[in-house]
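In what follows, a structure is listed as structure tokens, so that the remarks can point back to it.
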Amino acid sequence: MLWDALTLQLGYNAALVAIGATLLGVSAGVTGTFLFLRKRALVSDAISHATLPGVCLAFMVMVALGGDGRNLPGLLAGSAVSAWLGLLCMNWLTRHTRLAEDAAIGAILSVFFGLGIVLLTVIQTMGVGRQAGLEGFLLGSTAGMLWADALIIAVGGAATLILVMIIRRPMTMVAFDPEYAAARGLPVNRIDLAMMGLVMAVTVVGLKIVGLILIVALLIIPPVTARFWTDRSDRVVLLAGLTGGMAGYLGAALSASAPNLPTGPIIVLVSFGFFALSLFLAPARGVLAAVLRHLRFQRRVHIRQGLLALAQGQKIYEPLTLRLLRRAGLVRADGVATDPGKARAAKALRDEKRWEIVRSDLAHEATAALYDGLRDIETVLTLDQIAEIDRRIGTPQEVPA
Numbered sequence: 001m002l003w004d005a006l007t008l009q010l011g012y013n014a015a016l017v018a019i020g021a022t023l024l025g026v027s028a029g030v031t032g033t034f035l036f037l038r039k040r041a042l043v044s045d046a047i048s049h050a051t052l053p054g055v056c057l058a059f060m061v062m063v064a065l066g067g068d069g070r071n072l073p074g075l076l077a078g079s080a081v082s083a084w085l086g087l088l089c090m091n092w093l094t095r096h097t098r099l100a101e102d103a104a105i106g107a108i109l110s111v112f113f114g115l116g117i118v119l120l121t122v123i124q125t126m127g128v129g130r131q132a133g134l135e136g137f138l139l140g141s142t143a144g145m146l147w148a149d150a151l152i153i154a155v156g157g158a159a160t161l162i163l164v165m166i167i168r169r170p171m172t173m174v175a176f177d178p179e180y181a182a183a184r185g186l187p188v189n190r191i192d193l194a195m196m197g198l199v200m201a202v203t204v205v206g207l208k209i210v211g212l213i214l215i216v217a218l219l220i221i222p223p224v225t226a227r228f229w230t231d232r233s234d235r236v237v238l239l240a241g242l243t244g245g246m247a248g249y250l251g252a253a254l255s256a257s258a259p260n261l262p263t264g265p266i267i268v269l270v271s272f273g274f275f276a277l278s279l280f281l282a283p284a285r286g287v288l289a290a291v292l293r294h295l296r297f298q299r300r301v302h303i304r305q306g307l308l309a310l311a312q313g314q315k316i317y318e319p320l321t322l323r324l325l326r327r328a329g330l331v332r333a334d335g336v337a338t339d340p341g342k343a344r345a346a347k348a349l350r351d352e353k354r355w356e357i358v359r360s361d362l363a364h365e366a367t368a369a370l371y372d373g374l375r376d377i378e379t380v381l382t383l384d385q386i387a388e389i390d391r392r393i394g395t396p397q398e399v400p401a
């Protein structure tokens with residue numbers, strides 16, 4: 001069943017949903033990257049919640065004009081107008097009042113969403129018989145998706161993706177350093193507005209698939225996932241789009257392969273699954289990598305302290321230190337230093353004396369700041385400098401047997 005869904009063999013509607021969700025995931029991941037890098041992730045939450053009054057008002061207007069209140073282009077147009085109005089209100093509050101951006105986001109989110117819920121209640125009392133399924137815009141509803149609906153979502157997602165690629169360089173500059181971008185003559189406020197406008201477009205396009213509440217996850221989780229794997233902004237954009245597309249495709253396939261599974265929430269859960277894997281397995285920022293770095297650091301500290309103890313004729317009592325020294329062939333089973341261990345211990349003690357000279361000499365102040373007890377002095381000083389320090393120290397001493 002799942003294989004049939006993955007290979008688009010589960011029916012016409014399932015294939016439409018999978019393709020539409022994939023395109024939406026790609027565009028949402030790429031667009032959300034700039035919002036994430038700009039540290040304005042919650043803006044997408046305000047924009048998404050601001051779409052609900054527009055959906056309801058568009059439905060009421062179309063019904064009043066004698067049309068089909070559930071016409072998708074009309075509902076999306078209404079949601080776009082409402083979201084844009086919410087975006088403008090949020091920007092006005094941020095610029096012309098003392099409210100911080102998070103407070104403005106909370107105000108716009110709650111007011112617009114509350115208005116939308118009130119309008120939904122009014123629609124339920126209209127008795128027109130055509131409001132069924134309108135609540136699907138909250139969490140998404142793909143069961144009755146038609147070719148025209150999928151085409152609108154695909155075209156909207158592709159258009160948003162193209163616009164992002166066109167203005168990605170100024171958006172990247174503003175995301176990382178708005179002051180520098182302003183010094184270069186870039187209109188930072190307009191670029192910010194364009195960035196949030198693209199987020200609004202993705203939000204409107206994704207209402208049918210994941211809904212206004214869950215679209216935030218599709219905008220933010222893929223960029224956060226991609227950030228675990230790379231430091232380069234262009235690669236973050238690429239990986240975020242790939243992660244979002246895969247989450248959309250796999251989520252739609254899983255939803256289609258089992259009865260009564262909602263598509264939007266499954267897509268979000270798949271996206272979170274990618275995030276969890278990245279959190280633990282990413283080579284640079286993952287939890288596993290951090291644990292391994294800590295264990296390597298701990299091993300270096302124990303070996304270093306063990307070598308210094310050997311060089312000064314002190315007995316080693318720490319079991320882990322002894323185990324590591326024996327494993328490295330530096331001490332015998334009885335704790336006595338081997339010949340390689342004596343050489344390493346003498347070198348460790350001499351390096352400590354070298355560092356003492358460096359740290360007490362103002363001429364080496366910059367070098368002394370690099371001292372951490374583990375760094376090899378040869379990596380920060382030249383051979384001539386080390387030779388001069390050795391002349392001040394004197395002849396090396398033997399390691400006690």
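FYI, full-length UniProt numbering numbers position 195 of the sequence shown as 195, with every residue one higher than the one before it.
Glycine included, C-beta positions come from ideal geometry on N, C-alpha and C.
6 Å CB neighbourhood of residue i in its chain, flanking five on each side removed
i: THR172; result: SER233
i: PRO222; result: GLY29, ALA240, THR243, GLY244
i: GLN385; result: none
i: LEU307; result: ARG344, ALA345, ALA348
i: HIS302; result: LEU320, THR321, LEU324
i: ALA282; result: PHE228, TRP229
i: ASP354; result: Before going on, a small fix: residue 354 reads as Arg here, not Asp. Excluding positions up to five away in sequence, the list reads ILE377, ILE389.
i: THR382; result: none
i: GLU101; result: THR94
i: ALA401; result: Low confidence applies here, because ALA401 scores a pLDDT of 49, under 50, leaving its location unreliable and the question unanswered by this model.
i: LEU76; result: VAL204
Nonlocal neighbours in the same chain, by C-beta distance under 7 Å from residue i, ignoring five residues either side
i: ALA83; result: ILE47, ALA50, THR51, GLY54, MET200, THR203, VAL204
i: ALA284; result: none
i: ALA311; result: ALA345, ALA346, ALA348, LEU349, VAL399
i: VAL216; result: SER44, ASP45, SER48
i: PHE275; result: ILE221, VAL224, THR225
i: ALA175; result: PHE34, LEU37, ARG38
i: ILE316; result: GLY306, ALA309, LEU322, GLY335
i: ALA158; result: LEU23
i: VAL164; result: VAL30, THR31, LEU198
i: CYS89; result: ILE108
i: residue 409; result: Summary: the structure shown does not reach residue 409, with the chain confined to residues 1 through 401, and so no result is reported for it.
i: PRO340; result: GLY329, LEU330
Rounded Cβ spacing between residue i and residue j (contact assumed at less than 8 Å)
i: TRP229; j: SER271; result: The Cβ separation is near 15 Å, so there is no contact.
i: VAL236; j: ALA247; result: Their Cβ separation, rounded to whole angstroms, is 16 Å, which puts VAL236 and ALA247 out of contact at 8 Å.
i: ARG299; j: LEU374; result: Going by Cβ atoms, the distance from ARG299 to LEU374 rounds to 11 Å, so no, they are not a contact pair.
i: GLY286; j: ILE153; result: Incorrect: roughly 34 Å between the Cβ atoms, too far for contact.
i: LEU42; j: ILE105; result: 5 Å
i: LEU16; j: ALA148; result: No, LEU16 and ALA148 are not in contact; Cβ-Cβ is about 10 Å, not under 8 Å.
Beta carbon proximity, residue i to chain C, threshold 9 Å
i: PRO187; result: In summary, chain C is missing from the structure at hand, where a single protein chain is found.
Residue i, buried or exposed, once every other Cβ within 10 Å from all chains shown has been counted against 16
i: ILE166; result: exposed
i: THR31; result: buried
i: ILE266; result: buried
i: SER79; result: buried
i: ILE123; result: buried
i: ARG38; result: buried
i: PRO262; result: buried
i: ILE191; result: buried
i: LEU214; result: buried
i: PHE113; result: buried
i: ALA369; result: exposed
i: ASP231; result: exposed
i: ALA14; result: buried
i: GLY264; result: buried
i: ILE162; result: exposed
i: LEU65; result: exposed
i: ARG98; result: exposed
i: LEU218; result: buried
i: PHE351; result: It should be pointed out that residue 351 corresponds to Asp in this sequence rather than to Phe. ASP351 is buried by the Cβ-count criterion.
i: ARG327; result: exposed
Those residues which DSSP pairs with residue i across a bridge
i: ALA21; result: Bridge partners of ALA21: none, in fact.
i: ALA337; result: VAL331
Same chain, Cβ closer than 8 Å to residue i, five either side skipped, listed in chain order
i: ARG168; result: PHE34, VAL237
i: ARG184; result: MET173
i: PHE280; result: GLY286, VAL287, LEU288
Could you say if the stretch 333–348 and the stretch 358–369 meet the contact criterion of at least three C-beta pairs nearer than 8 Å?
no
Assess, as a yes-or-no matter, whether the stretch 24–42 is touched by the stretch 55–67 under the definition of 3 or more beta carbon pairs within less than 8 Å.
no
Counting pairs of Cβ atoms below 8 Å between the stretch 186–201 and the stretch 80–97, do you hit three or more?
yes
Check whether the stretch 249–269 touches the stretch 208–218, counting contact only when three or more Cβ pairs, one atom from each stretch, lie closer than 8 Å.
Because the criterion of three Cβ pairs below 8 Å is met, the stretch 249–269 and the stretch 208–218 touch.
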